[in-house]
Amino acid sequence: MREYRLRVNGTIRSIRTGSDRIVLSVLREEWRLTGAKYGCGEGQCGACTILLGSEPVPACQLTIGEVGKRELTTIEGLAGKDGLHPVQRAFAELGAFQCGFCTPAMILGTVALLRVHPHPTRAQIEGALDGHLCRCCGYSRIVRSIERAAEQLGAGPGEGR
Amino acid sequence: MTELRRPRRPWDLTPVPEREYFDLLGPGLVTVVPPRRPVAERREGDWQPPTGGAWLHVGEEGDVVAFTGKAEVGQGTRTALSLVVAEELRVPLPRVRLVMADTDLCPWDIGTFGSRSMPDAAPALGRAAAAAREQLVALAAEQPGLSNARNSLVAKEGEVRGPGRSWSYGTLVRGLRKLVEVPADFPLTLPTQWIRAGRPTLDPDAVEVVTGRRMYTSDLRRDGMLHGAVLERPRYGARLEGLADPDALADRGARIVREGEFVGAVAPDPRSARAALEALGPRWRFSPQPNERTIEEYLRQHPETGDDWDRRGRSEGDVETALRRATLRFEAVYHAAYIAHVPLETRCAIAEWDGERVTVWVGTQTPFRAREAVAKNLGIPPEMVRIIVPPTGSGFGGKHGGDVATAAARLARAAGQPVRLGFTREEEFREGYFRPYAVIDVRAGLDARGRLTAWSFHNINAGAAALGTPYRIPNQRVDNVLSQSPLPQGSYRALAATTNNFARESAMDELAYAAKQDPLDFRLAHLEDDRLRAVLGRAAELSGWAGRRRERSHGFGIAAGLEKQSRIATVAEVTVGPSRRLRVDRLVSVFDAGAVVNPDNLQSQVEGAAVMAMGGALFEAVHFRDGVVLNPRLSKYRVPRFADLPEVVVELVDWREIPPAGGGETPMIAVAPALAGAIFDATGTRLRTLPLAPGGRVVARPARPRARRR
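Order-wise, the sequence lines are chains A and B.
All residue numbers for the first sequence refer to my numbering, where the first residue is 1237 and numbers rise by one.
All residue numbers for the second sequence refer to my numbering, where the first residue is 12 and numbers rise by one.
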């Protein structure tokens, strides 16, 4: 057991715990950041995806000891002072969810994708998000939302956000 | 708006005049639509589940709170039902708040399944709202000086307007405590007159979803909450014989709860609760169970006996004689594997006691059945149990009943503290139930002109939905039996309709080829239902069916289905590449569910249903041995992913003259047979077992001989 100080969504949070404590459990149970969901516990469904630095990772496969100095971004930290992130806006405006349980993680996965590929091809979308399950199988609308978000990020001054 | 207080007793169990509507909701106007009682006898076609009615309140601010027992599990009915209320009351959508699936406050409901929300809850809520509108107009008519102008009063935009004057709804109900019981036949606005309903409408709460603020059951927490676990049977049918060490780990903060057959544990965290159960050293008694290899024989030999409500059959003409006389006889057996629902949110319940009463937050599709289950199993009256269904991370028919709610309530009672019971993914697979494994025997006969003269359809263990054929066949017999199952089986999105439709439409495809007719023309030649003909024709048109290229390795398949008052046609286009690897290129679906309340949501449902159905059609299967599920994880049980996504084309038929039917299920049922037809078209290989291509490849399996010419 030791004290960990982590950068989470722009603020420092601390937790006294073992190094092998799973980050998903800390986020949800200690800090009440419940936007990251438990779906499978084996990194297969993507519902717990958060950003570690700029990299999307399933928080159920990440231990506190592995985080180091990298910042954690959860869905709760994505919207800026000026409102929703363009990816959030695209998902909301296109109704790209049914039960919505996969949505926060899907959005974070998309944010990470668009940082690497601002105008992703279908193959790049599939490659980046294939670890994310939407069991309602609303993939068509999710793809359209990703493409719309890419357009808007590319067109506006917010590029690189 | 703040959370509502709890009434003294659940309103559905309280006589209408004694319900404290105004104490909880404030002064205003309340309308109550009575429940519709169950029809005594169930016969094919005319059986309608009972509905619990509806009620709503118009308050002094002109705000509307409506109540329904249906649950929102991702199918979008919250928005659709709110639109129906907004339409009838002539108020903007944000003015309507819909309270769903809270057993203390909402009308009794049989459950959220069977595509019943539109046919049952929508008319009940609509009547409550339409009657409220009429009351508001009558209240305006009582205003001084209006005796000659009554007929010119209209309700619009949340107010009643008359010549030169208007009154907001809030003004009209100020200080009132008026309760009106609405006749069950109160007229509804015709869909042709809709202003708000019928237009694409986004979920008004979309922002809470995309920001992660929507709180599902598994996200909730109560003060002092502990975590529970339930001792799992290591295999289906195992019985607990005893515990090696009943006091194990009692000193580590975990507490064992034993009540009859129930064994569970509570602890400050879920892992400790599970560890405590493991340390008990349970001893189990097993009996041998049938395995996958022998399941067909087992199901054939073990029909379920007794009062089986889901058994139907129908016979017309003389099938055996017609078969004997047929020019061409066809016989085939179709199979469908057990498949799992895999809701992304695993089952979860949180129970909290307050004296003699317990509240359970749980993602269930049948809150009132869960209330009964908790009451019965815990030996308390139902009015002491409140079930609340928070937003739920999908269900697909897998979240029926009250098992998780009951276990959580037991554990919380024993612990004297709130308890959360959340399933791991493996528990979700192993403690759940599956869409039944099914075997279907089809026999058919064609005359010399290629007309169907005989049809025999015998289904073992699929269930009764979509059992009948929509095609015109003079001699036919359809029936079904249920079997004892080596795995727990139960409800599933579209359930039997998927399996029955797969067998029937596949057989129709095989018959078309045997008769040397185009699969579309062959169907149309036997089809009288105009709406089904229309969706088939339109799907063919949209997909370019008539001009399709005939080339090896690329294929088209078409299928249709009629179920729960809605019609679907799907065209699938596939490519079977080198080493027979299957790729689905395109799914084109045309769907007719009568008038469409929310085209945006229905479009989304049909798109999602098509892709979800691909999973069960192509690769999903629960594997088992001796009552043990062998693939209870997402790494072993494959569901559709982004890489599987074909081009999905959906067109909705919007019949404003026909009341809305439900749309959650039927869009699934033509996908599997369309894919099987497309695979045959591409390869000449006829696949008759779901899943069709479990390893991603088209592999022929030995089958019985097919069509024989006399």
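Cβ atoms here follow ideal geometry from the backbone N, Cα and C, with glycine treated the same way.
Just curious, the alpha helix (DSSP H) that residue i is in, first and last residue?
i, result
"isoleucine 1189(A)", "Outside the shown range of chain A, which is 1237 to 1397, sits residue 1189(A), and nothing can be said about it."
"glutamine 1360(A)", "1358–1365"
"phenylalanine 440(B)", "436–441"
"aspartate 414(B)", "414–426"
"proline 610(B)", "610–629"
"valine 396(B)", "Unbroken run through valine 396(B) is the beta strand (DSSP E), 396–399; no alpha helix (DSSP H)."
"proline 684(B)", "682–694"
"tyrosine 1375(A)", "1375–1391"
"glycine 548(B)", "541–554"
"leucine 506(B)", "506–525"
"phenylalanine 33(B)", "32–36"
"arginine 380(B)", "378–389"
Just list the residues that DSSP pairs residue i with in beta bridges.
i, result
"valine 330(B)", "According to DSSP, which records beta bridges pairwise, valine 330(B) is partnered with nothing at all."
"leucine 1287(A)", "Pro1292(A), Thr1309(A)"
"valine 373(B)", "Ala360(B)"
"alanine 570(B)", "Thr581(B)"
"threonine 25(B)", "Paired residue(s): none; threonine 25(B) is not in a bridge."
"lysine 167(B)", "Glu170(B)"
"histidine 238(B)", "Ala278(B), Arg431(B)"
"valine 191(B)", "Thr42(B)"
For the beta strand (DSSP E) that residue i lies in, which residues bound it at each end?
i, result
"serine 11(B)", "Not covered by the structure: residue 11(B). The range shown for chain B is 12 to 721."
"leucine 493(B)", "First-last for leucine 493(B): undefined, no H or E at that position."
"aspartate 532(B)", "Element bounds for aspartate 532(B): not the beta strand (DSSP E) but the alpha helix (DSSP H), 530–536."
"aspartate 1256(A)", "Unbroken run through aspartate 1256(A): none, as it is neither H nor E."
"arginine 340(B)", "339–347"
"leucine 251(B)", "250–254"
"leucine 213(B)", "That residue, leucine 213(B), is in no beta strand (DSSP E); it is neither H nor E in DSSP."
"arginine 294(B)", "293–296"
"tyrosine 1240(A)", "1238–1244"
Does residue i come within less than 7 Å of chain A when only Cβ atoms are used?
i, result
"serine 646(B)", "yes"
"serine 615(B)", "yes"
"glycine 209(B)", "no"
"aspartate 611(B)", "yes"
"glycine 85(B)", "yes"
"phenylalanine 653(B)", "yes"
"glutamate 662(B)", "no"
"arginine 53(B)", "Unreliable positioning characterises arginine 53(B) in this predicted model, as indicated by a pLDDT of 48, which lies under 50. A coordinate reading is not provided."
"proline 18(B)", "no"
"arginine 225(B)", "yes"
Does any C-beta atom of chain B lie closer than 7 Å to the C-beta of residue i?
i, result
"threonine 1270(A)", "yes"
"cysteine 1296(A)", "no"
"glutamate 1312(A)", "yes"
"proline 1231(A)", "The question about residue 1231(A) has no answer, for chain A in this structure spans 1237 to 1397."
"serine 1290(A)", "no"
"tyrosine 1240(A)", "no"
"aspartate 1256(A)", "no"
"serine 1250(A)", "no"
"glutamine 1334(A)", "yes"
Would residue i be called buried (16 or more neighbouring beta carbons within 10 Å of its own) or exposed?
i, result
"leucine 201(B)", "exposed"
"methionine 1342(A)", "buried"
"arginine 358(B)", "buried"
"alanine 51(B)", "Because the pLDDT of alanine 51(B) is 49, which lies under 50, any placement of that residue in the model is unreliable, and the question is left without a value."
"tryptophan 467(B)", "First, the residue type needs correcting, since residue 467(B) is serine and not tryptophan in the sequence shown. That one is buried."
"methionine 129(B)", "buried"
"glutamine 376(B)", "buried"
"arginine 561(B)", "exposed"
"alanine 255(B)", "exposed"
"serine 1261(A)", "buried"
"serine 564(B)", "exposed"
"alanine 1359(A)", "exposed"
"histidine 1355(A)", "exposed"
Give the residues of chain E in contact with residue i, contact being defined as C-beta atoms less than 8 Å apart.
i, result
"leucine 1320(A)", "Here chain E cannot be found, since the structure's protein chains are A and B."
> So does the segment 421–438 of chain B actually touch the segment 636–656 of chain B, counting three or more Cβ pairs closer than 8 Å?
Replying inline: Counting Cβ pairs under 8 Å, three or more are found: they touch.
>> Does the segment 222–232 of chain B come into contact with the segment 625–635 of chain B, if we say contact requires no fewer than three beta-carbon pairs (one atom in each stretch) closer than 8 Å?
In response: The answer is no - the segment 625–635 of chain B does not touch the segment 222–232 of chain B, with fewer than three Cβ pairs under 8 Å.
>> So, does the segment 185–201 of chain B touch the segment 75–84 of chain B, judging by three or more C-beta pairs under 8 Å?
In response: These segments do not touch.
>> Across the segment 441–453 of chain B and the segment 489–509 of chain B, are there enough close Cβ pairs to call them in contact, namely three or more that are closer than 8 Å?
In response: Contact holds between the segment 441–453 of chain B and the segment 489–509 of chain B, because three or more Cβ pairs, one in each stretch, are under 8 Å apart.
> Given 8 Å as the limit, is there contact between the segment 141–154 of chain B and the segment 526–541 of chain B, that is, 3 or more CB pairs closer than that?
Replying inline: Judged by Cβ distances under 8 Å, the segment 141–154 of chain B makes no contact with the segment 526–541 of chain B, as fewer than three pairs qualify.
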